[in-house]
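At position 24 of the sequence shown (counting the first as 1) the number is 7 in the working numbering, and the numbers step up by one without a gap. Taking it in order: structure first as structure tokens, then the write-up.
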Amino acid sequence: MTNEPQQRLMRQQLEIDALNDHVRRSEFDLEHRTALYGEAVINFCSKLYRSAVTKPLISQLVRSACSIGANYCEADESATRREFRYRISLCRRESRETKHWLRMLAAALPAEKERGRSLWKEADELTRIFAAIHRNTE
């Protein structure tokens, strides 16, 4: 019989795996993908231990992760190519910032490092996608 922390970790990994499967299906729908990512980060953060150190890190992580999708929605509605590139650059910047906050949280809460790894990988992939879009719209 497994103990409670192992069961909790298994449930959380199943949630992340379900998100990854869903993301693979909607890989090219960035609005949907970034929304799912923001939701996954919110879910991850809602289960983290809060302390004087982790509270601001969690807050910053949620802000940056959710801003990726918000900025993409703005980019999608851009009136000019210049505005589109600017909004995409914000998406790229927020994705990179999200990776930073995940790294800081892993340092503050080493037990959560594995759970945060798949979120970091998705942020890295989003960063690369937005960098390519930005580069190709010059």
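Quick reminder that beta carbons are idealized off the backbone N, C-alpha and C, glycines included.
- prompt: What whole-angstrom Cβ distance do Leu102 and Leu40 have, given they're in contact under 8 Å?
  reply: Looking up residue 102 in the sequence shown gives position 119. Looking up residue 40 in the sequence shown gives position 57. Actually they are not in contact, since the Cβ atoms of Leu102 and Leu40 sit about 13 Å apart, beyond 8 Å.
message: Helix, strand or coil for Arg79? Go by DSSP, reduced to three states.
response: Against the sequence shown, residue 79 aligns to sequence position 96. It is helical.
- prompt: Relative to the C-alpha of Arg118, which residue among Arg65, Glu60, Lys104 is closest?
  reply: One-based indexing of the sequence shown puts residue 118 at position 135. Ranking Arg65, Glu60, Lys104 by Cα distance to Arg118 puts Arg65 first.
- prompt: Taking the Cβ atom as the reference point for each residue, do Glu77 and Ser42 lie within a distance shorter than 8 Å?
  reply: Along the sequence shown, read from residue 1 onward, the residue named residue 77 stands at position 94. Along the sequence shown, read from residue 1 onward, the residue named residue 42 stands at position 59. Not in contact: Glu77 and Ser42 (Cβ atoms no closer than 8 Å).
Cβ neighbours of Asn54 in the same chain (closer than 7 Å, five flanking residues each side left out): As a working note, residue 54 is residue 71 in the sequence shown. So the list reads Arg70, Leu73, Cys74, Glu77, once near-sequence residues are dropped.
query: Exposed or buried, Arg98, counting other C-beta atoms within 10 Å across all chains shown (16 or more means buried)?
result: If you number the sequence shown from 1, residue 98 lands on position 115. Answer is buried; the Cβ neighbour count reaches 16.
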